[in-house]
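**Student:** Here the protein sequences come in this chain order: A and R. Here the first sequence is numbered in the numbering used here, starting from 34 and rising by one per residue. Here the second sequence is numbered in the numbering used here, starting from 617 and rising by one per residue. Virtual Cβ for every residue (Gly too), placed ideally from N, Cα, C. Next up is a structure, given as C-alpha cells.
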Amino acid sequence: MKKYLGITLGIMTALGGFLDLGQIVFTAQAGAYFGYQLLWAIVIGTLAIVLYMEMCGRVAVVACEPVFSVVRTFFGFRFGLFVLVASNLLNLITCAAEIGGLAIVLHLLTGWPERVLIALSVLILGTMVQLLRFQWIERTLGLSGLLMIVFAVSALILHPDWSEVASGLLPHITFPNHKDGLLYGYFAVGIFSAMLMEYEVHFYSSGAIEEDWTPKDLKENFMVASLGSILGSLITSALMAVAALVLLPRGIFPELLSTAVLAGAFPFGRKALVVALFGSLACVAGAAVETNLSSAYNFCQFFNLPWGKNRPIKEVPAYTASWIVMLVLAGSIAFTGIRPLDLINVSIIFGMVIMPLTYYPILSAASDRNIMGKHVNSLFLTIAGTACLILVIVAAVAAIPLMIVTHFGRP
Amino acid sequence: MSLDYVAQGRSTRTFAAGHFNYIADQLQENLRQLNQATSSPAAERALKDSQHNVAALVSELTFVSSQTENLAVRCAAKQRIIAIRRALEKTSTSL
C-alpha cells in the first residue's frame with residue numbers, strides 16, 4: 034500500500050508541479066512558434082529533474098536532511114538566508130500566478146467574476162491544506178491532474194509527422210533571422226526552467242520525510258522520480274505537439290491560457306474541453322498548493338523549526354503560520370489584477386537564475402560519502418549530475434539577457 | 617479558430633464568453649501600446665489604420681462574447697472580424 038502511495042506522490046509531483054500554468058502556456062507558445070524544434074529541451078529538462086529529484090529524495094531519506102537544511106549547512110547562515118529569501122520570493126510569485134490561473138480556469142468553467150474566484154480559490158486551497166492530510170492532498174490533485182491526458186490523446190489523433198517529431202529531439206543551430214535565434218534560446222531556457230521549478234523538488238523531498246520513507250524505500254524513490262517525471266514530460270511534449278499541429282498552421286501565438294486549453298481539446302467537442310479545463314484546474318491547483326507548502330517547508334527546515342503537514346497545528350505553529358501568510362500574500366497579489374502569465378514569465382526566468390544555489394548543495398551532499406554512506410552517488414550519477422549543473426549554470430547566466438532582448442519571448 | 621470552434625457547438629457558453637473577453641482584454645492592451653507608439657511621417661497613416669482596426673476588433677470581440685449563443689450575430693461578427701484581420705494584414709505588409 035505504501036508503495037502505491039509513493040507512486041501517487043510521484044504522479045502529483047509530475048502533474049501538479051511539472052505541469053503548471055507556466056509549463057502549459059510556455060510549452061504551447063514554443064510549439065506554436067517553433068513546432069517540434071524544442072522537444073530536446075523537454076528531454077534535457079526531464080533528465081535534469083529526474084536526477085535532481087532522486088538525489089533530493091535520497092538525501093532526505095538517508096541523511097534525514099531536507100533541501101534547506103542542506104543549503105544552510107553548505108552555505109552557512111548568511112548566504113543560506115539569502116537563498117531562502119530568493120527561493121520563497123520565487124514561490125510567492127509562482128503561487129500568486131497559479132492562484133490567478135486557477136481563477137481564470139474557474140471563470141472559463143463558471144463565468145463568475147475573476148476577483149470573486151480568486152478569493153474563493155484562496156479559501157478553498159486554505160481549507161484543503163488545513164483539513165486534508167498530506168496523502169489526501171496529493172491523491173486528490175494528483176489523480177485529477179491525470180485528466181491532462183486529453184492533450185496526449187489530441188496530439189495522437191491529429192497525426193503528428195513523426196519524422197519532424199524525431200528531428201525536434203536535436204537542437205537547431207541555424208535560423209532565418211537573428212531574432213528567431215534569440216527567441217529559440219529564450220524558449221529553450223524557459224522550458225528547461227519550467228521543468229526544473231525547484232518548489233516541486235522541495236515539496237517532493239519534504240514529502241519523503243512526511244511519509245516516513247527509509248533507505249529501504251530508495252528503489253521506490255528512484256522509480257517515483259523517474260516514472261513520475263517521464264509521465265509529466267510526455268504530457269508536456271503532447272502540449273507542444275498540439276500547439277504545433279493546431280496553432281502553428283493558423284499563425285496563432287497563444288498569449289492566453291484559454292487558447293492553450295482550446296488547442297488541447299481542438300479535435301474533440303464540448304466534453305473534451307471540459308475535461309481539459311478540469312485537468313488544467315487540477316494541475317494549477319496542485320502547483321499552488323505545492324508552492325505554498327514548499328515555502329513553509331523551506332522556512333522551517335532552514336531555521337530548524339518543527340514542521341509537517343500531518344502533525345497537529347499546536348506542534349508546528351511556525352509551519353502553519355508560514356503557509357497561511359504565504360497563501361494570503363499570494364492571493365493578495367493575484368487580487369491586484371496583475372496578469373498571471375506576466376508573473377509566471379518572471380518566475381520561470383528567476384527560477385533558473387537561483388536554481389544553481391540549491392542544485393549544487395544537493396549534488397555535493399549526495400556525492401559525499403560521509404553524509405550518504407553506502408548510498409552515496411555512483412560515479413555515473415556524479416558525472417551526470419555535474420553535467421546537469423553545468424547546463425543549469427549556463428541557462429541561469431543566459432536567462433535574464435534573453436528575457437530582456439526578446440521582451441519576455443514576444444515574437 | 618475560436619469562432620469556428622464555437623460555431624460548431626463544440627464549446628461551452630461560459631468558455632466561449634470568457635475566451636473572447638480574454639482576447640479582447642489582450643487586444644485592448646495591444647491597443648494601449650499602439651496608442652503610445654510614435655512613427656515616422658511615412659508610417660503615420662499605417663499606424664492610424666492599425667489603431668482604428670485594433671479598436672474595431674476589440675469592440676467586435678467584446679460584442680461577440682455576450683452573444684455566443686446567437687448564431688446570426690455570431691456569423692455576422694465573424695465576417696466583420698475576418699475583414700478587420702485582412703485590413704490589419706494589409707497594413708502590416710505595407711510597413
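Mind checking if Arg443 (chain A) is an interface residue toward chain R, Cβ cutoff 8 Å exclusive?
**Tutor:** Not closer than 8 Å to any Cβ of chain R, the Cβ of Arg443 (chain A) fails to qualify, so no.
**Student:** Quick check: what's the CA-CA separation for Phe441 (chain A) versus Leu123 (chain A)?
**Tutor:** Roughly 17 Å between the two C-alpha positions.
**Student:** Determine the direct distance from the alpha carbon of Ala271 (chain A) to that of Val188 (chain A), and round the result to whole angstroms.
**Tutor:** It is Ala, not Val, that sits at residue 188 (chain A) in the sequence shown. Each residue's alpha carbon lies about 6 Å from the other.
**Student:** Could you give the C-beta distance for Phe110 (chain A) and Asn331 (chain A), rounded to a whole number, given that I count them as a contact under 8 Å?
**Tutor:** Phe110 (chain A) to Asn331 (chain A), Cβ: 15 Å. No contact.
**Student:** Which class does Cys421 (chain A) belong to by DSSP, given the choice of helix, strand or coil?
**Tutor:** Helix.
**Student:** With C-beta atoms as the reference, is Val58 (chain A) less than 8 Å away from Leu180 (chain A)?
**Tutor:** No, the pair does not count as a contact, with Cβ atoms beyond the cut-off.
**Student:** For chain D, check one thing: does any of its Cβ atoms lie closer than 8 Å to the Cβ of Gly297 (chain A)?
**Tutor:** Looking for chain D here will not work: the only protein chains present are A and R.
**Student:** Between Arg629 (chain R) and Thr684 (chain R), how many whole angstroms is the CB-CB distance? I'm expecting something under 8 Å.
**Tutor:** The pair is a contact, with the Cβ atoms about 6 Å apart (cut-off 8 Å).
**Student:** Strictly below 7 Å CB to CB, what residues from chain R border Gly302 (chain A)?
**Tutor:** Near Gly302 (chain A) (Cβ distances below 7 Å), the residues of chain R are Arg626.
**Student:** Glu288 (chain A) versus chain R: which residues are under 7 Å apart at the beta carbon?
**Tutor:** Per Cβ cutoff of 7 Å: Gln642.
**Student:** So is Trp195 (chain A) buried or exposed if we call it buried at 16+ other beta carbons inside 10 Å?
**Tutor:** Exposed is the call here.
**Student:** Could you name the residues of the same chain whose beta carbon sits closer than 8 Å to that of His140 (chain A), not counting the 5 residues immediately before and after it, in chain order?
**Tutor:** Contacts found: Pro146, Glu147, Leu150.
**Student:** Just confirm the distance between the C-beta atoms of Ala298 (chain A) and Leu306 (chain A), as a whole number of angstroms; I'd bet it's less than 8 Å.
**Tutor:** Yes, Ala298 (chain A) and Leu306 (chain A) are in contact; Cβ-Cβ is about 4 Å, under 8 Å.
**Student:** Using a C-beta to C-beta distance shorter than 7 Å, which residues of chain R count as neighbours of Ile437 (chain A)?
**Tutor:** Here the premise fails: no neighbours, minimum Cβ distance about 18 Å.
**Student:** Taking Cβ-Cβ distances shorter than 8 Å, what residues in chain A pair up with His635 (chain R)?
**Tutor:** Simply Leu141, Leu289, Ser291, Thr292, Leu295.
**Student:** Taking Cβ to Cβ, would you say Val386 (chain A) is nearer than 8 Å to Ala432 (chain A)?
**Tutor:** Taking 8 Å as the Cβ cut-off, Val386 (chain A) and Ala432 (chain A) qualify as a contacting pair.
**Student:** For the region 259-291 of chain A, which residues have a CB atom closer than 7 Å to at least one CB atom of chain R, in sequence order?
**Tutor:** Of all residues in the region 259-291 of chain A, Arg283, Ile285, Glu288, Leu289, Ser291 have a Cβ within less than 7 Å of some Cβ in chain R.
**Student:** Determine, using beta carbons only, whether Gly68 (chain A) comes closer than 8 Å to chain R.
**Tutor:** So no, Gly68 (chain A) is outside the interface.
**Student:** For Gly364 (chain A), go through chain R and note every residue whose CB falls closer than 7 Å to its CB, in chain order.
**Tutor:** Simply none; closest approach about 21 Å.
**Student:** Counting contacts by CB-CB distance shorter than 8 Å, is Ser742 (chain R) in contact with chain A?
**Tutor:** Not covered by the structure: residue 742 (chain R). The range shown for chain R is 617 to 711.
**Student:** Determine the direct distance from the alpha carbon of Arg91 (chain A) to that of Lys252 (chain A), and round the result to whole angstroms.
**Tutor:** Taking the straight line from one Cα to the other gives about 10 Å.
**Student:** Going by Cα to Cα distance, which pick from R:Ala623, R:Cys691, R:Glu705 is closest to Leu663 (chain R)?
**Tutor:** Minimum Cα distance to Leu663 (chain R) is reached at R:Glu705.
**Student:** Between the region 271-289 of chain A and the region 67-74 of chain A, are three or more C-beta pairs nearer than 8 Å?
**Tutor:** Taking 8 Å as the limit for Cβ pairs, the verdict is that the region 67-74 of chain A does touch the region 271-289 of chain A.
**Student:** Closest by CA to Ala81 (chain A), which one among A:Leu229, A:Leu174, A:Ile170?
**Tutor:** For Ala81 (chain A), the nearest C-alpha among the options comes from A:Leu229.
**Student:** Which stretch, first to last residue, makes up the alpha helix (DSSP H) that contains Cys316 (chain A)?
**Tutor:** Counting along the chain, the alpha helix (DSSP H) containing Cys316 (chain A) begins and ends at 303-335.
**Student:** Please list, in chain order, the residues of the region 142-166 of chain A that have any C-beta partner in chain R closer than 8 Å.
**Tutor:** Per Cβ criterion, the list reads Leu142, Thr143, Gly144.
**Student:** Within 10 Å of its beta-carbon, does Asn121 (chain A) have 16 or more other beta-carbons around it, so buried, or fewer, so exposed?
**Tutor:** Label assigned to Asn121 (chain A): buried.
**Student:** In three-state DSSP terms, what is Arg148 (chain A)?
**Tutor:** Correct three-state label for Arg148 (chain A): helix.
**Student:** Terminal residues of the continuous alpha helix (DSSP H) containing Leu54 (chain A)?
**Tutor:** Run containing Leu54 (chain A): 54-67, per the alpha helix (DSSP H) assignment.
**Student:** Taking the alpha-carbon of Leu435 (chain A) as reference, which of A:Phe383, A:Thr415, A:Gly175 has the nearest alpha-carbon?
**Tutor:** It is A:Phe383 whose Cα lies nearest to the Cα of Leu435 (chain A).
**Student:** Starting from Thr391 (chain A), trace the alpha helix (DSSP H) in both directions and tell me its first and last residue.
**Tutor:** Per DSSP, Thr391 (chain A) belongs to the alpha helix (DSSP H) from 373-399.
**Student:** Skipping 5 residues on each side, what residues in its chain have a beta carbon closer than 8 Å to that of Leu650 (chain R)?
**Tutor:** Excluding sequence neighbours, Leu650 (chain R) sits near Leu663, Ser666, Gln667, Val670.
**Student:** Could you give the DSSP three-state label for Arg166 (chain A): helix, strand or coil?
**Tutor:** Three-state result, Arg166 (chain A): coil.
**Student:** Pairing CB atoms from the region 390-399 of chain A with CB atoms from the region 367-376 of chain A, are three or more of them under 8 Å?
**Tutor:** The region 390-399 of chain A is not in contact with the region 367-376 of chain A.
**Student:** What three-state label does DSSP hand Lys252 (chain A) in the structure shown?
**Tutor:** Helix at Lys252 (chain A).
**Student:** So, do the region 279-295 of chain A and the region 196-204 of chain A have three or more beta carbon pairs nearer to each other than 8 Å?
**Tutor:** The region 279-295 of chain A vs the region 196-204 of chain A: no contact.
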